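Input: a single structure, listed below in structure tokens.
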Amino acid sequence: MAVKQLPLSVTFREDAVFDDFLPGDNAQTVGALRHALARLDDHLLYLWGAPGSGLSHLLQAAVHELQTQGLEGVYLPLAECLDYGTEALEGLDELDVVALDDIDLITGRPEWEEAVFHLFNRLRDTGRVLMVTSHSSPLHQSIELPDLKSRLSWGLTFQVQPLSDEQKMDWLIWKARRRGLTLEPDVAAFLINRVARSMNVLVEAFDKLDQHSLAEKRRLTIPFVKSVLGL
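Under UniProt numbering, read the sequence shown as residues 1 to 231, first letter to last.
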């Protein structure tokens, strides 16, 4: 799948794949999502859950997964695109799949709500697919445009459960092992308690520690974590 190059720079992590996502209580949900991606019978896939539950990772993983099907698509994090205007959506209906991350951000922006509404209609009419993430279920979506709010309830919905603190510790230790590092449980607990419980922040912190550990040939100890992260 060729990922469309937009006239703006957006974050698309090459390592945000399903094999790098520790499901926790989401094993059944991830399995159902991958099954839907293999069939792609629905015109809308709606992922929702609490902030920091891994929605962005799963959406990007879905785009990566579709690459194996030879489809053409784009991942669009709306947090990075709103300032560019709705022109960022122009021409996307020519693609097989459009993935909009954090649809909640267009709430109260009439021009964006209208643009996404028309984009979805064009995608659906030509047998293409829209994927979105949200922090609310379709029934409790705060989108103000009634027609768009209604459209967002038409597709397959996947609720993503956040990891518990214990599962986040397991994820950090598992992530370190995958990169050839050793992370002791007390260091993992320190990261969760002192850095953040949000998976997005933990991922960024871990990536920074990984880079510094490799460059300085240092073990992941609490003093090292403090020095690198300025704690």
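Here a beta-carbon is modelled for each residue, glycine too, at the ideal position from N, C-alpha and C.
Every value quoted in this text rests on a predicted model; they were computed, and no experiment measured them.
Asked, Found
"Let me confirm a value: Gln5 is counted as buried when at least 16 other C-beta atoms fall within 10 Å, else exposed. Which label applies?", "Below a pLDDT of 50, predicted positions are generally treated as unreliable, and Gln5, at 46, falls in that range; the measurement from the model is reported next regardless. Exposed, since its Cβ has fewer than 16 Cβ neighbours within 10 Å."
"Look at the alpha carbon of Asp143 and the alpha carbon of Arg218, and state the distance between them as a whole number of angstroms.", "Asp is not the amino acid found at residue 143; the sequence shown has Ile there. Spanning the two alpha carbons is a distance of roughly 48 angstroms."
"Is the segment 121–140 close to the segment 84–95, with three or more CB pairs under 8 angstroms?", "yes"
"Going by beta carbon distance, what residues of the same chain come within less than 6 angstroms of Lys208, once the five residues before and after it are set aside?", "none"
"Report back the beta-carbon spacing between Leu139 and Ser150 to the nearest angstrom; my notes put them in contact at under 8 angstroms.", "Not confirmed; about 11 angstroms, so no contact."
"Could you give the C-beta distance for Tyr46 and Phe158, rounded to a whole number, given that I count them as a contact under 8 angstroms?", "7 angstroms"
"Identify every residue that forms a DSSP beta bridge with residue 240.", "The structure shown does not extend to residue 240, since the chain is modelled only from 1 to 231, so the question has no answer here."
"Mapping DSSP to helix, strand and coil, what is Gln28?", "helix"
"Need the endpoints of the beta strand (DSSP E) that Leu191 sits in, please.", "First-last for Leu191: 185–194, but that is the alpha helix (DSSP H), not the beta strand (DSSP E)."
"Cα separation between His35 and Asp19?", "15 angstroms"
"Could you work out which residue in Ala196, Val228, Arg179 is closest to Ser53 when comparing CA atoms only?", "Ala196"
"Identify, in the order they occur along the chain, each residue of the same chain with its Cβ nearer than 8 angstroms to the Cβ of Asp186, setting aside the five sequence neighbours on each side.", "Ile222"
"Under a Cβ-count criterion, where at least 16 other Cβ atoms within 10 Å of its own Cβ denotes burial, should Thr133 be classed as buried or exposed?", "buried"
"Alpha carbon to alpha carbon, how far is Leu145 from Leu82? Give it in angstroms, no decimals.", "17 angstroms"
"Using C-beta distances below 6 angstroms, list every residue in its chain close to Ile103, excluding the 5 sequence neighbours before and after it, in chain order.", "Val132, Ser134"
"Could you check the C-alpha separation between Gln211 and Arg122 for me, to the nearest Å?", "43 angstroms"
"Between the C-alpha atoms of Ser164 and Asp170, what's the straight-line distance to the nearest angstrom?", "10 angstroms"
"Are the beta-carbon atoms of Phe12 and Gln69 separated by less than 8 angstroms?", "no"
"If you count every other CB in all the chains shown that lies within 10 Å of the CB of Pro110, and 16 or more means buried, which is it?", "exposed"
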